[in-house]
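Going down the list, the protein sequences come from chains A and B.
The opening position of the first sequence corresponds to residue 831 in the numbering used here, with each subsequent residue numbered one higher.
The opening position of the second sequence corresponds to residue 831 in the numbering used here, with each subsequent residue numbered one higher.
Where is the CB? At the ideal position from N, CA and C, for every residue including glycine.
See below for the structure under consideration.
2 protein chains.
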Amino acid sequence: MEPIVVCVYVHVKSEYRDAFLEASLENARCTIQEPGNLRFDVLQQADDPDRFILYEVWRDEAGMNAHKETPHYAQWRDTVAPWMAEPRRGVRHVGRFPTEAAAWLARK
Amino acid sequence: MEPIVVCVYVHVKSEYRDAFLEASLENARCTIQEPGNLRFDVLQQADDPDRFILYEVWRDEAGMNAHKETPHYAQWRDTVAPWMAEPRRGVRHVGRFPTEAAAWLARK
Chain A
831 MEPIVVCVYV
841 HVKSEYRDAF
851 LEASLENARC
861 TIQEPGNLRF
871 DVLQQADDPD
881 RFILYEVWRD
891 EAGMNAHKET
901 PHYAQWRDTV
911 APWMAEPRRG
921 VRHVGRFPTE
931 AAAWLARK
Chain B
831 MEPIVVCVYV
841 HVKSEYRDAF
851 LEASLENARC
861 TIQEPGNLRF
871 DVLQQADDPD
881 RFILYEVWRD
891 EAGMNAHKET
901 PHYAQWRDTV
911 APWMAEPRRG
921 VRHVGRFPTE
931 AAAWLARK
């Protein structure tokens, strides 16, 4: 079964750029421990460092929903909320390649 | 050193959707064999299957540039060009997490 890939687009106020990155790295370190998570990459846009993508890969719907119940997600969400320059936006995809679920797993 | 992550946003004409996916899967299978490539994911947007993201992770600038010289890249580029509904758009990022290059490598 193809995994669910969510790209979360984030635009922060410049003065919170470093704090946002730090909070998101902490969230990433916790999230990759979740059994339903296959990847959680944190990207910073090269030509505009106030823009980030969280690249989240989930085994299935249940894995994605379980994440929303974790303390680290709640902590991240509440911490970063006042730092946004505009509301964050998540776009959902079907992962077409790699074709094996195992191949999505980073060597965590 | 942090890898380079390029998100290539593609919007195809509906009638070429399946052909685009097939051509991109073939390109992905070849690209992950390149020594400079760490990942090449192909995503199809859940609520608009005419939209795709190619998620390309490169060890460094040299790895990214080497890709442009490969026959499979040229083949993909020329094959899919007439299928675009609008020009494709690549956005470059710095990969901040995972923090180890090895952790970006999918189990290919």
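What first and last residue would you give for the beta strand (DSSP E) that runs through residue i?
i: P917 of chain A; result: M914 to F927
i: I834 of chain A; result: I834 to V842
Can you pull the chain A neighbours of residue i, defined as C-beta to C-beta under 9 Å?
i: R926 of chain B; result: L851, S854, L855, A858, D871, V872, L873, Q874 and F882
i: Q922 of chain B; result: The identity of residue 922 of chain B in the sequence shown is Arg, whereas the question assumes Gln. Going along chain A in sequence order, the residues near R922 of chain B (Cβ under 9 Å) are Q875, A876 and D877.
Indicate whether at least one CB of chain B lies closer than 8 Å to the CB of residue i.
i: R919 of chain A; result: no
i: V835 of chain A; result: yes
i: Y839 of chain A; result: no
i: V910 of chain A; result: no
i: M831 of chain A; result: no
i: V842 of chain A; result: no
i: D848 of chain A; result: no
The alpha helix (DSSP H) with residue i in it runs from where to where?
i: E845 of chain A; result: Segment: none, E845 of chain A is in no alpha helix (DSSP H) and carries neither H nor E.
When you compare the CB of residue i with every CB in chain A, is at least one pair closer than 8 Å?
i: E845 of chain B; result: no
Start-end ranges of the alpha helix (DSSP H) lying completely within the stretch 869–918 of chain A, minimum 4 residues: Those alpha helix (DSSP H) runs which fall completely within the stretch 869–918 of chain A and span 4+ residues are 891–897 and 901–910.
Three or more C-beta pairs below 8 Å linking the stretch 894–903 of chain B and the stretch 851–869 of chain B: Proximity of the stretch 894–903 of chain B to the stretch 851–869 of chain B meets the contact definition, three or more beta-carbon pairs being nearer than 8 Å.
Stretch-stretch touch, CB-based, cutoff 8 Å, three pairs: the stretch 900–918 of chain B with the stretch 927–935 of chain B: No, the stretch 900–918 of chain B does not touch the stretch 927–935 of chain B.
Meets three-Cβ-pair contact criterion under 8 Å: the stretch 835–842 of chain B and the stretch 917–927 of chain B: Segments in contact, yes.
Contact between the stretch 839–854 of chain A and the stretch 906–915 of chain A (3+ Cβ pairs under 8 Å): Contact between the stretch 839–854 of chain A and the stretch 906–915 of chain A is present, because at least three Cβ pairs lie under 8 Å.
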